[in-house]
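Protein chains in written order, with the UniProt record's numbering: chain A, 1 to 329; chain B, 1 to 329.
We treat Cβ as the ideally placed atom computed from N, Cα and C, and that holds for glycine.
Small disclaimer: the values here were computed from a predicted structure and weren't measured.
Protein chains: 2
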Amino acid sequence: MARAWSLTSRPEGLPSDEHFALIDLPQRDLAEGEVRIANQWLSVDPYMRGRMNDVKSYTPPFALGKPMEGGAIGTVTESRSERFKPGDAVQHFAGWRDEAVLPESQVQPLPELDVDPQAFLGQLGMPGMTAYFGLLEVAQAKEGDTVFVSAAAGAVGSTVVQIAKAKGCHVIGSAGGAEKCAWVQSLGADAVIDYKSGTPVVKALGEVARNGIDVYFDNVGGDHLDAALAHANLRARFAICGMIDVYNSSKPTELRYLARLIGNRIRIQGFIVSDFTDRAADFYRDMGGWLKEDRLKRHETVIDGLDHMPEAFLGLFSGGNTGKMLVKV
Amino acid sequence: MARAWSLTSRPEGLPSDEHFALIDLPQRDLAEGEVRIANQWLSVDPYMRGRMNDVKSYTPPFALGKPMEGGAIGTVTESRSERFKPGDAVQHFAGWRDEAVLPESQVQPLPELDVDPQAFLGQLGMPGMTAYFGLLEVAQAKEGDTVFVSAAAGAVGSTVVQIAKAKGCHVIGSAGGAEKCAWVQSLGADAVIDYKSGTPVVKALGEVARNGIDVYFDNVGGDHLDAALAHANLRARFAICGMIDVYNSSKPTELRYLARLIGNRIRIQGFIVSDFTDRAADFYRDMGGWLKEDRLKRHETVIDGLDHMPEAFLGLFSGGNTGKMLVKV
């Protein structure tokens, strides 16, 4: 019997096991144009926290009692589509479950790049695209810029570090703990701040960003955003990708350096990767080139088994992952 | 004997009389190319608070014990310049004093527009240009947009209201107290929020901005900025002109709705009017046209006498002015 995770009630603050339940998916025959997919890799991403709230947003909230959704990679096991045959490796958005039945229009073959399939849920997928378009389009990072990226050991942040280095930027990352910091350094970052060290981020950033920062790629919000404001150069550009700091919190963000955006003409721009999907070809072309030049490293934190998926998701908010957090079915 | 105000020490928080002293200006003969000007109108502006701090910013700090500076309008009384003769009405930046001696390069004739000379310190001067370029260039306001402007009874805000109306926008202003609100309404605003009414700004704005806001022109920061975030539409643009809320405060800004800038792709852009001085001709052309069409109203709050100038300045932070705050020498 195929199974899927569903949300049983809407969490306030950090969700816990009680908010999730595994439900059975009714088995049915394929209709014309449909495919059946055995999922091998399931994605958990911080943005999913937003879909647990019942508020209007860029993606609709998860429906209570229904299968949740998210990125997934699997193999076609049965097909009534001309486009797919059993054995095909595919990606789709019916995640949080071990088997998906979908119309062919909602299923995509994997791009032709020489990487492990699960990379298309991370560096070569949505998180990687978020890094690429956020850094290069939203923040307009260019050679010689000093780029500060928070959560630099995460799926998005670690890709930002590497793309920024490939583009000739000076890169400062933040991560939590010595091990993650060492990994971010190994990706090519020129300096790494350990935000768990006890030194306030604004002070730690000041010590390594002697000439200020030109770009800030924000995955965190809060003290990281404030530190970026404190050290931003004239005409600095901030790409606001996520604010993991506030997803589970009802406390307001406190900013001491906000008024610096006037004198320094700082631009803060929120964005969503889906605004750039029509330009995916640029992303695959550049990433494919960097892959061949061996410029891209990745790391995955893999949680085994669909049964442990909520655990994997919650780990995103406690620093449980280095690189992309994945569930292997 | 000519006199000027000088700063005696650097205030923390709100300045008071003790931070200011009137000093005598040594009388001297003009050098070649210099002019002597009897000042009639002196400008006090919120940004001057920043110059009282000893921090690197877009304008250098006021030097302690020296004459302070700011916008001024006066009449040439003596000239060793080919460009000016006694009787000429001029503007310059040696304000906070009753008489100025300046090289001709630092003196400008008044633009040829049919308004009172003091208008060139307000609606037809720096505050007006701030409104014009902030609204139309930084925030890219266009016909049909809903524009929210804070401190809408101030020199900048009241001009934003009128330019936005001239451009076909739906305009919501905020001001403190019934009298100011009535004045903002008389300028053409479609709705006005009284931020002193006791209703939180976020609630008051929600009640009048049923379809959200597309542009926010920020003179205040704090609760006004947070309310604008709460009600911003997709791809809203915020022009951050000033944050009078924080100039005299060491408390951090608390924002509850900051994360909305991600899903709604909000752009927040700080700016300084001096970035647009090379485009002043656009401003005078459009403002001249609106003047002729009788679309521009202005109000001045006039404090009489150089002796009372610190009082006028401090009034900016306690809501003492409707329209432009001026000192008449």
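Residues in its own chain within less than 6 angstroms of A/Phe-133 by CB, not counting five upstream and five downstream? Setting aside the 5 residues that flank it on each side, A/Phe-133 is surrounded in the same chain by Phe-276, each with a C-beta closer than 6 angstroms to its C-beta; the list follows chain order.
Three-state secondary structure (DSSP) of B/Gly-154: Strand at B/Gly-154.
May I have the straight-line CA-CA distance separating B/Ile-266 from A/Asp-226, to the nearest angstrom? About 18 angstroms.
Of the listed residues B/Gly-71, B/Ser-197, B/Gln-185 and B/Ala-209, nearest to B/Asp-45 (C-alpha basis): When only C-alpha atoms are compared, the closest one is B/Gly-71.
Can you name the start and end residues of the alpha helix (DSSP H) that A/Thr-130 belongs to? First-last of the alpha helix (DSSP H) with A/Thr-130: 126–133.
By the three-class DSSP mapping on this structure, what secondary structure does A/Phe-20 have? Residue state, collapsed to three classes: strand.
So who's on the other strand from A/His-299, going by DSSP bridges? A/His-299 is not bridged to any residue.
Measuring CA to CA, which of A/Glu-112, A/Ile-240 and A/Phe-84 is closest to A/Val-149? Looking at the Cα atoms, A/Ile-240 is the closest of the given residues.
At a Cβ cut of 9 angstroms, what residues of the segment 266–283 of chain A count as close to chain B, listed as they run along the chain? Cβ contacts with chain B come from Ile-266, Arg-267, Ile-268, Gln-269, Gly-270, Phe-271, Ile-272 and Asp-275.
Residue of A/Ile-172, A/Val-327 and A/Met-287 minimising C-alpha distance to A/Gln-185: Nearest of A/Ile-172, A/Val-327 and A/Met-287 to A/Gln-185, Cα basis: A/Ile-172.
Using a beta-carbon distance below 8 angstroms, is A/Pro-310 in contact with chain B? Using a Cβ-Cβ cut-off of 8 angstroms, A/Pro-310 does not count as an interface residue toward chain B, since no Cβ of chain B sits closer than that to its own.
Between A/Glu-12 and chain B, is there a C-beta pair that is closer than 8 angstroms? The beta-carbon of A/Glu-12 is placed no less than 8 angstroms from the nearest beta-carbon of chain B.
Proximity test, Cβ basis, 8 angstroms: A/Val-184 and chain B: Under the Cβ criterion of 8 angstroms, A/Val-184 is not counted among the residues facing chain B.
Taking only beta carbons into account, state which residues of the segment 245–261 of chain B come closer than 7 angstroms to chain A, listed in chain order. From the segment 245–261 of chain B, only Val-246, Pro-252, Thr-253, Glu-254, Leu-255, Arg-256, Leu-258, Ala-259 and Leu-261 have a Cβ closer than 7 angstroms to chain A.
Starting from A/Phe-93 and walking both ways along the alpha helix (DSSP H), at which residues does that stretch end? Neither: A/Phe-93 is in no alpha helix (DSSP H) and is coded neither H nor E.
Tell me the residue span of the alpha helix (DSSP H) that contains B/Glu-179. Where B/Glu-179 is concerned, the enclosing alpha helix (DSSP H) stretches over 178–186.
My parser needs the alpha helix (DSSP H) runs of 4 or more residues fully inside the segment 175–263 of chain B; what are they? As summarised for the segment 175–263 of chain B, the continuous alpha helix (DSSP H) elements at least 4 residues long and confined to that stretch are 178–186, 201–208, 222–231, 244–247 and 260–263, given in chain order.
Does the beta carbon of A/Met-129 come closer than 8 angstroms to any beta carbon on chain B? The beta carbon of A/Met-129 does not come within 8 angstroms of any beta carbon belonging to chain B, so the residue lies off that interface.
With a threshold of 16 other CB atoms inside 10 Å of the CB of A/Val-51, please say whether the residue is buried or exposed. The sequence shown places Arg at residue 51 of chain A, not Val. Residue environment analysis places A/Arg-51 among the buried positions, since at least 16 neighbouring C-beta atoms fall within 10 angstroms of its C-beta.
I need the DSSP call for B/Pro-310, collapsed to helix, strand or coil. In this structure, B/Pro-310 counts as helix in the three-state DSSP scheme.
Is the segment 105–119 of chain B in contact with the segment 54–70 of chain B, if contact means three or more CB pairs nearer than 8 angstroms? Because the criterion of three Cβ pairs below 8 angstroms is not met, the segment 105–119 of chain B and the segment 54–70 of chain B do not touch.
Helix or strand or just coil, what does DSSP make of A/Lys-165? Looking at A/Lys-165 - three-state DSSP - the assignment turns out to be helix.
Quick one: what's B/Glu-78 bridged to in DSSP? In the DSSP output, where bridge partners are listed per residue, B/Glu-78 has B/Arg-36.
Spatial distance of B/Thr-253 from B/Asp-223 (CA atoms): If you draw a straight line from the Cα of B/Thr-253 to the Cα of B/Asp-223, it comes to about 8 angstroms.
Span of the beta strand (DSSP E) holding B/Met-325? Counting along the chain, the beta strand (DSSP E) containing B/Met-325 begins and ends at 324–328.
Three-state secondary structure (DSSP) at A/Asp-294? Coil.
Name the two residues that bound the continuous alpha helix (DSSP H) containing B/Gly-270. Segment 267–270 is the beta strand (DSSP E) holding B/Gly-270; no alpha helix (DSSP H) there.
Three-way DSSP call (helix, strand, coil) for B/Thr-146 in this model: In the three-state DSSP reduction, B/Thr-146 falls in the strand class (E or B).
When you check each C-beta in the segment 128–154 of chain B against every C-beta of chain A, which residues fall closer than 8 angstroms? Those residues of the segment 128–154 of chain B that come within reach of chain A (Cβ to Cβ, closer than 8 angstroms) do not exist; the list is empty.
Quick one: which chain B residues come within Cβ less than 8 angstroms of A/Met-243? Per Cβ cutoff of 8 angstroms: Leu-258, Ala-259 and Ile-262.
C-beta contact flag for B/Leu-14 and B/Phe-313 at 8 angstroms: For B/Leu-14 and B/Phe-313, no; Cβs fall outside 8 angstroms.
State whether the segment 287–297 of chain B contacts the segment 253–263 of chain B, with contact taken as three or more CB pairs (one from each stretch) at a distance under 8 angstroms. Taking a cut-off of 8 angstroms on C-beta distances, the segment 287–297 of chain B does not touch the segment 253–263 of chain B, as fewer than three cross pairs fall below it.
Within 8 angstroms, do at least three Cβ pairs link the segment 80–96 of chain A to the segment 26–36 of chain A? Pairwise C-beta distances place the segment 26–36 of chain A in contact with the segment 80–96 of chain A, as three or more of them are shorter than 8 angstroms.
Quick check on B/Tyr-216 - is its C-beta less than 8 angstroms from some C-beta in chain A? The Cβ of B/Tyr-216 sits no closer than 8 angstroms to any Cβ of chain A.
Measure the Cβ-Cβ separation of A/Gly-206 and A/His-170 and say whether it is below 8 angstroms. Taking the C-beta atoms as reference points, A/His-170 is found no nearer than 8 angstroms to A/Gly-206.
Interface positions of the segment 157–169 of chain B facing chain A (Cβ-Cβ less than 9 angstroms), listed along the chain: Along the segment 157–169 of chain B, none of the residues has a CB nearer than 9 angstroms to a CB of chain A.
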